[in-house]
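As they're listed, the protein sequences go chains A and W. Letter 56 of the first sequence, counting from 1, is numbered 95 in the numbering used here, and no numbers are missing. Letter 24 of the second sequence, counting from 1, is numbered 1152 in the numbering used here, and no numbers are missing. Note that CB positions come from ideal geometry on N, CA and C, so glycine has one too. Bear in mind the structure is a predicted one, so any value in this text is a computation, not a measurement.
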Amino acid sequence: GAVVSQHPSWVICKSGTSVKIECRSLDFQATTMFWYRQFPKQSLMLMATSNEGSKATYEQGVEKDKFLINHASLTLSTLTVTSAHPEDSSFYICSALVARALMNTEAFFGQGTRLTVV
Amino acid sequence: TQLLEQSPQFLSIQEGENLTVYCNSSSVFSSLQWYRQEPGEGPVLLVTVVTGGEVKKLKRLTFQFGDARKDSSLHITAAQTGDTGLYLCAGAGNNDMRFGAGTRLTVKP
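Structural data, given as structure tokens:
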């Protein structure tokens, strides 16, 4: 299967600072990547769709100025949590779509990043 | 907006029992995937179903795609404690993918 690498796997930061999370497709090109947030014992909540070379599309209720997404190349998307606060503490996961064949698209996920804001 | 409805949300069973998880939608999907996620990790793809009516088996797991490609089910036979996790279905549309809310399965010894 396709490999998506997410870094860092965990990070602790002070309130008010910014944190950058990277998502890389290692063996394929990803024109579209997705960023999710997951609270304990809950499902994935789509935050935004990251498109290579253009602006990200944010889901309703997600602050685009707080969660900055950059997709500058076909293998890298970054999510920056700006001016982080304790309520931003969560598990953040990225994924990329791979078109296997006509009518068959699969998503592959990064390992996730556990963000703790203190 | 959750386009895919998964049921049940939570399921706790004894080892050795059988179970079925359902994934329903009013939309037609070109393909549907099932994922399993363990705590602290990203979801891992289990299977992709593409053809209406398709049935795929993965050891004790049986996946079925509805004839109209709007729904799917996951059946686990003789569940084991190692099956514990969050099971997610996802439907692929035009360059996006939407997830169900997930079914959190706990298999007790």
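> From the DSSP output, which residues share a beta bridge with residue 1218 of chain W?
Replying inline: Numbered from 1 along the second sequence, position 90 holds the residue referred to as residue 1218 of chain W. According to DSSP, which records beta bridges pairwise, residue 1218 of chain W is partnered with W/1161 and W/1227.
> Can you name the residues of chain A whose CB is closer than 8 Å to the CB of residue 1232 of chain W?
Replying inline: In the second sequence, counting from the first residue as 1, residue 1232 of chain W sits at position 104. Result: 80.
> So who's on the other strand from residue 1199 of chain W, going by DSSP bridges?
Replying inline: Position 71 of the second sequence holds residue 1199 of chain W. In the DSSP output, where bridge partners are listed per residue, residue 1199 of chain W has W/1152.
> How would you write the range of the beta strand (DSSP E) that residue 110 of chain A sits in, first residue to last?
Replying inline: For the purposes of this step, residue 110 of chain A is identified with residue 71 of the first sequence, where counting begins at 1. First-last of the beta strand (DSSP E) with residue 110 of chain A: 106-112.
> Mind checking residue 1129 of chain W: buried by the 16 CB within 10 Å criterion, or exposed?
Replying inline: Indexing the second sequence from 1 puts residue 1129 of chain W at position 1. Low confidence applies here, because residue 1129 of chain W scores a pLDDT of 45, under 50, leaving its location unreliable and the question unanswered by this model.
> How far does the beta strand (DSSP E) with residue 1185 of chain W in it reach, from first residue to last?
Replying inline: Counting from one through the second sequence, the residue named residue 1185 of chain W turns up at place 57. Here the beta strand (DSSP E) through residue 1185 of chain W covers 1183-1186.
> Nearest-angstrom Cα distance between residue 1237 of chain W and residue 1209 of chain W?
Replying inline: For the purposes of this step, residue 1237 of chain W is identified with residue 109 of the second sequence, where counting begins at 1. For the purposes of this step, residue 1209 of chain W is identified with residue 81 of the second sequence, where counting begins at 1. For residue 1237 of chain W and residue 1209 of chain W, the distance between alpha carbons rounds to 6 Å.
>> Nearest by alpha-carbon distance to residue 1225 of chain W: which of A/110, A/55, A/42 and A/86 is it?
In response: Sequence index remark: in the second sequence, residue 1225 of chain W carries index 97 (1-based). It is A/86.
> How should residue 55 of chain A be labelled, buried or exposed, when 16 other C-beta atoms within 10 angstroms of its C-beta is the threshold for buried?
Replying inline: Translated into the one-based positions of the first sequence, residue 55 of chain A becomes position 16. Exposed is the call here.
> Three-state secondary structure (DSSP) at residue 126 of chain A?
Replying inline: Taking the first residue of the first sequence as position 1, residue 126 of chain A is located at position 87. Correct three-state label for residue 126 of chain A: helix.
>> With DSSP as the reference, identify every bridge partner of residue 58 of chain A, one or two as the case may be.
In response: In the first sequence, residue 58 of chain A corresponds to position 19, counting from 1. Partner(s): A/120.
>> Against chain A, which members of the region 1132-1164 of chain W pass a CB distance test of less than 7 Å?
In response: 1158, 1159 and 1161
>> Using a Cβ-Cβ cutoff of less than 6 Å, which residues in the same chain neighbour residue 116 of chain A once the five nearest sequence positions on both sides are dropped?
In response: Translated into positions along the first sequence, residue 116 of chain A becomes position 77. Around residue 116 of chain A: 62, 72, 89 and 110.
> For the region 1214-1221 of chain W against the region 1153-1164 of chain W, are there 3 or more C-beta pairs whose distance is under 8 Å?
Replying inline: yes
>> Less than 8 Å between the C-beta atoms of residue 1213 of chain W and residue 1165 of chain W, yes or no?
In response: One-based indexing of the second sequence puts residue 1213 of chain W at position 85. One-based indexing of the second sequence puts residue 1165 of chain W at position 37. Cβ atoms of residue 1213 of chain W and residue 1165 of chain W: closer than 8 Å.
> To which residues of the same chain is residue 157 of chain A closer than 8 Å at the C-beta, ignoring the five residues directly before and after it?
Replying inline: Translated into positions along the first sequence, residue 157 of chain A becomes position 118. Hits under 8 Å: 51, 52, 53, 54 and 125.
> Relative to the C-alpha of residue 112 of chain A, which residue among A/92, A/134 and A/105 is closest?
Replying inline: Here residue 112 of chain A corresponds to residue number 73 of the first sequence, with the count starting at 1. Checked all of A/92, A/134 and A/105; the closest Cα to residue 112 of chain A is A/92.
> Checking contacts by CB at 8 Å: is residue 151 of chain A closer than that to chain W?
Replying inline: Position 112 of the first sequence, counting from 1, holds the residue named residue 151 of chain A. Residue 151 of chain A counts as touching chain W.
>> Pop quiz: residue 149 of chain A and residue 1170 of chain W are said to be a contact at Cβ under 8 Å. What is the actual Cβ separation, rounded to whole angstroms?
In response: Translated into positions along the first sequence, residue 149 of chain A becomes position 110. Translated into positions along the second sequence, residue 1170 of chain W becomes position 42. About 5 Å; that satisfies the 8 Å criterion.
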